[in-house]
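Reading through the structure tokens given below for one structure.
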Ligand SMILES: [Mg+2]
């Protein structure tokens, strides 16, 4: 049995800035500061985004942590509004629907998520493109830990608790669009597959030595081969 963990932004879907817009507005509402337009969100967890942006504006961790729950609540409210106000704001990445169906249908793979989104944000984004959040039987989220390299261990623990499965790292595959996705599974020996449907191209991702890298997930058979081989 293998656990296949999909990243969300840039891998399953693209929200065309809805996530960023919602977060920037929340930073202004709750902390009264604007984010840096040049700051990159991809590959980071929601709480990491908040902390890094606010530290750069001179806030202390004490000040940041005091309002973090309120910030995340405001962000989630904003996200619901932004996604609902523009149904075209989110779209699926190439090939992902067929691949998710294929992984879900097999009896030797378990469908899961590993994402920097807080769990409710993940559910909202997936809902915006018509993907049922409950299809993913194991999930590790930005609400579980602020650092992505801790999330593969969270996924292992969830698999143990929810499914009674003891999954060593070599039974876990992580699919994502950033170097952070490729690197985060190294501590447990997970296999990484890069996909260039986000802001990094195939060459960028290949430089981080994933097991395989694809321009998109359109060739279901080749991607499944890379997952299972
Ligand atoms: Mg991503």
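Numbering (the numbering used here), first residue to last: 2 to 230. Glycine included, each C-beta is placed from N, C-alpha and C at the ideal position.
- Secondary structure note for residue 81: its alpha helix (DSSP H) is the uninterrupted segment 62-86.
- Residue 22: member of the alpha helix (DSSP H) spanning 19-32, first to last residue.
- Straight across, the Cα-Cα distance linking residue 86 with residue 13 is about 21 Å.
- Burial state of residue 24 is buried, judged by a 10 Å Cβ sphere holding 16 or more other Cβ atoms.
- The bridge partners DSSP lists for residue 10 are 14.
- Look at residue 215 here: in three-state DSSP terms it is strand.
- Residue 174 and residue 114 have their C-alpha atoms roughly 11 Å apart.
- Distance between residue 172 and residue 109, taken at the CA atoms: about 10 Å.
- Here residue 190 carries a coil assignment [DSSP, helix/strand/coil].
- When distances are taken from the beta-carbon of residue 8 to the heavy atoms of ligand 1, the shortest one is below 7 Å.
- Ligand 1 never approaches residue 61 closely enough for any of its heavy atoms to be under 7 Å from the residue's Cβ.
- For residue 191, same chain residues with a beta-carbon under 6 Å away, outside a window of 5 residues either side, are 153, 170, 173, 175 in chain order.
- Our two residues, residue 206 and residue 159, have alpha carbons roughly 28 Å apart in a direct line.
- Per the DSSP secondary-structure output, residue 129 pairs with nothing in a beta bridge.
- Annotation: residue 106 to residue 180 spans about 29 Å, alpha carbon to alpha carbon.
- Classified as buried, residue 211 has 16 or more neighbouring CB atoms from the shown chains inside 10 Å of its CB.
- A direct Cα-to-Cα measurement between residue 47 and residue 222 gives close to 33 Å.
- Taking a 10 Å sphere around the C-beta of residue 102, we find fewer than 16 other C-beta atoms and assign the residue as exposed.
- Ranking 209, 133, 148 by CA distance to the CA of residue 184 puts 209 first.
- Taking the Cα positions, residue 63 is about 24 Å away from residue 79.
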